[in-house]
Every structure is written in structure tokens, then in C-alpha cells.
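Right, one structure below, let's go through it.
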Amino acid sequence: MPVKKVCPCCGAVFQCRHDNILLCHCATVKLDSLQRAYIKEHFPDCLCHDCLKKIQEGELACKANLSCTDGVGEVTDRLSGDM
Numbered sequence: 153m154p155v156k157k158v159c160p161c162c163g164a165v166f167q168c169r170h171d172n173i174l175l176c177h178c179a180t181v182k183l184d185s186l187q188r189a190y191i192k193e194h195f196p197d198c199l200c201h202d203c204l205k206k207i208q209e210g211e212l213a214c215k216a217n218l219s220c221t222d223g224v225g226e227v228t229d230r231l232s233g234d235m
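Residues 153 to 235 (the numbering used here) are what the sequence shown spells out, left to right.
Printed below as a string of C-alpha cells:
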């Protein structure tokens, strides 16, 4: 049975399908191990689909993805060598 949750990142309400993970929205967003570790370390519960996509695409600055930040929260140019 789906569980109603509130995204700890943006506050959106969404349905979690922990009872059948293949039907859950999170199963459609492929994250690398650093992105998953960042989420686990910084958020106490599941994130909504939009926030997962933003982390996947580098739109949310995350210290785990050095291609989108300089490691202290500042967004950097992905093509520059200033990482």
C-alpha cells in the first residue's frame, strides 16, 4: 500500500511505494553511488521525484557530485578546471 510522504528537500507531498519498489517513482531515477550517499547523509527520508531528478541532473548543488559544485556548495562551470 502506498504511503503519503513529504519531501524533506522541497516539502512536496508524494506517494511512496516502499511495498513495491518497482512501482515507486524513485525506481525510475538512476543515481550514481555518490549521489545516493549524499541523499542518505543529508535527508532523513525519501525525496520526491522532482528533487531526485534535480540531483541526478546536477541542478541541485550536491557535494557528492564534484561536476556540479566546488565541494563547498558553489556551482562551478562543468568545463572549467576550477573544481
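Backbone N, C-alpha and C fix where the C-beta goes; we use that ideal spot for every residue, glycine too.
For Lys156, three-class secondary structure by DSSP: Reduced to three states, the DSSP call for Lys156 is strand.
Beta-carbon spacing of Cys168, Leu199 below 8 Å: Between Cys168 and Leu199, the gap from beta carbon to beta carbon reaches 8 Å or more.
Reduced DSSP category for Cys162 - H, G, I as helix; E, B as strand; rest coil: In this structure, Cys162 counts as coil in the three-state DSSP scheme.
Alpha-carbon to alpha-carbon, His170 and Asp202: Approximately 18 Å between the Cα atoms of the pair.
Through-space distance from Pro196 to Leu204, alpha-carbon basis: Rounded to whole angstroms, the separation of the alpha carbons of Pro196 and Leu204 is 14 Å.
Span separating the alpha-carbon of Leu183 from that of Lys156: Going from the Cα of Leu183 to the Cα of Lys156 covers about 23 Å.
Arg173 versus Met153, Gln187, Glu209 and Lys206, residue with shortest Cα-Cα distance: It should be noted that the sequence gives Ile, not Arg, for residue 173. If we check each option's Cα against that of Ile173, Met153 comes out closest.
Exposure of Leu175, with buried meaning 16 or more beta-carbon neighbours within 10 Å: The residue is exposed, with fewer than 16 neighbouring Cβ atoms inside 10 Å.
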